[in-house]
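**Q** The opening position of the sequence shown corresponds to residue -2 in this note's numbering, with each subsequent residue numbered one higher.
The structure is given below, and queries will be raised subsequently.
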Amino acid sequence: MNPLYQLSPWEEHRFWIEVLQDHAYFVFEALSPADTKPIAAAAAYIQEFGAKLEELQRLNPQLGPAEPDMIRFARSVQPLSNGYYRFEGQLQALRLQNRITLDLSPTYLNGTLSENAEYDRLLASYAAGVQPEPLPQTDLVDLWLEDQLGHASLLLNYIDVAEVGWIERIREYVQTFAALMVKQRQIKRYLRFVEPGFPVEKQFAVEIITAVNGFAELVRQVVALYLTDRVSNKFTLRFVEHHFPETCYFLRKMTLYAPEVPVAPCSLTKPHFTPLNVKNPGIREV
-2 MNPLYQLSPW EEHRFWIEVL QDHAYFVFEA LSPADTKPIA AAAAYIQEFG AKLEELQRLN
58 PQLGPAEPDM IRFARSVQPL SNGYYRFEGQ LQALRLQNRI TLDLSPTYLN GTLSENAEYD
118 RLLASYAAGV QPEPLPQTDL VDLWLEDQLG HASLLLNYID VAEVGWIERI REYVQTFAAL
178 MVKQRQIKRY LRFVEPGFPV EKQFAVEIIT AVNGFAELVR QVVALYLTDR VSNKFTLRFV
238 EHHFPETCYF LRKMTLYAPE VPVAPCSLTK PHFTPLNVKN PGIREV
């Protein structure tokens, strides 16, 4: 197995808890001030995820899944992760019925709920002290290719209309990821009569990695401009940097299916946010 693919339980927990905390921040920022109960719930989840990250920092990162401390930690996170899953699901139901003011679409929440469900799958194994089974390529691509398309679409929406050059470049990746999703649907059907890992599927993995790497470089360029106030936009640093750890995770997991494709070293955390740098959720980013 490619060593890039295999993450320790500690690395998985840190990655996923940071992801869920980001999702809670995005919900917090997207709610109307009038919706005081959901705002309070989102703020509470931000703090609880932060507390779990601090607790994780006190554990040995080298511990295996069968170690008692890792089992206890996984079991302690399960109700928090599952509770947040239900919270977002309730928000999605309300949003579909226009019963809440939330500047996030139901389809956006489909993506975050799918990610949350994957962490819950891993937690079920870790809570039992065993190593989780890897996702098949089709399931891995289903989860993270949709995420890449979502990030490209959101970036397109959040960049200022005056940035025509950037809009065109981002739109190209929206189209690329949409086309890859069409191919993904067909490959899943091919698997009715061929075994996983057939040549077309292997080549597809190469195409995905190439596109994901290209888009990550574009996002890095946008972040560099954002940090020096040289691009007109309406996104936050947390939003745009959320792309990097998820992309790194996707690429590292894809090395199981395309080990011949080089994947550059990358970080599973955001460049300008650390687990212990948890902001007060009552202070909105500007």
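Every residue gets a Cβ at the ideal spot worked out from N, C-alpha and C, and that includes glycine.
Mind checking Lys34: buried by the 16 CB within 10 Å criterion, or exposed?
**A** Per the 10 Å Cβ criterion, exposed.
**Q** Three or more C-beta pairs under 8 Å: does that hold for the segment 258 to 267 against the segment 143 to 154?
**A** Short answer: they don't touch.
**Q** Give the DSSP bridge partners of Leu28, in chain order.
**A** According to DSSP, Leu28 bridges with Leu99.
**Q** Please classify Tyr187 as buried or exposed, where buried requires at least 16 neighbouring CB atoms within 10 angstroms.
**A** Flag for Tyr187 reads exposed.
**Q** My guess is that Glu85 and Leu99 are in contact by the Cβ rule of under 8 Å, so how many angstroms apart are they, rounded?
**A** With a Cβ gap of about 10 Å, Glu85 and Leu99 do not count as contacting.
**Q** Rounded to whole angstroms, what is the Cα-Cα separation between Pro285 and Phe12?
**A** No information on residue 285 is available, as it lies outside the stretch -2 to 283 that the chain covers here.
**Q** Provide the residue span of the alpha helix (DSSP H) that contains Ala202, from first to last.
**A** Counting along the chain, the alpha helix (DSSP H) containing Ala202 begins and ends at 196 to 224.
**Q** Give me the Cα-Cα distance between Tyr81 and Tyr42, rounded to the nearest whole angstrom.
**A** About 7 Å.
**Q** Among the candidates Gln218, Asp226, Glu238, Gln200, whose CA atom is the shortest distance from the CA of Ala255?
**A** Ranking Gln218, Asp226, Glu238, Gln200 by Cα distance to Ala255 puts Gln200 first.
**Q** Which residues in the same chain as Ile68 place their Cβ atom closer than 6 Å to its Cβ, once the five residues preceding and following it in sequence are excluded?
**A** The answer, listed in chain order, is Gly126.
**Q** Taking C-beta to C-beta, are Arg72 and Ala124 nearer than 8 Å?
**A** Contact flag set, yes.
**Q** With three or more beta-carbon pairs closer than 8 Å as the criterion, would you say the segment 101 to 119 touches the segment 158 to 166?
**A** Contact between the segment 101 to 119 and the segment 158 to 166 is absent, because fewer than three Cβ pairs lie under 8 Å.
**Q** Over what stretch of residues does the alpha helix (DSSP H) that includes Ser5 continue unbroken?
**A** Per DSSP, Ser5 belongs to no alpha helix (DSSP H) and is neither H nor E.
**Q** Return the bridge partner residues of Asn57 from the DSSP annotation.
**A** Paired residue(s): none; Asn57 is not in a bridge.
**Q** Three Cβ pairs or more, each shorter than 8 Å: is that satisfied between the segment 210 to 224 and the segment 240 to 251?
**A** The segment 210 to 224 vs the segment 240 to 251: in contact.
**Q** Can Ser229 and Ala159 be called in contact, C-beta distance under 8 Å?
**A** Their beta carbons are under 8 Å apart, which means Ser229 touches Ala159 by this criterion.
**Q** For Ala27 and Glu45, I'd like the C-alpha separation in whole angstroms.
**A** Going by the C-alpha atoms only, they are around 19 Å apart.
**Q** Short of 7 Å in beta carbon distance, which residues of its chain neighbour Pro193, apart from the five on each side in sequence? Order them along the chain.
**A** Once the five neighbours on either side are set aside, the close Cβ partners of Pro193 are Pro133, Gln134.
**Q** How far does the alpha helix (DSSP H) with Thr173 in it extend, from its first residue to its last?
**A** Run containing Thr173: 161 to 187, per the alpha helix (DSSP H) assignment.
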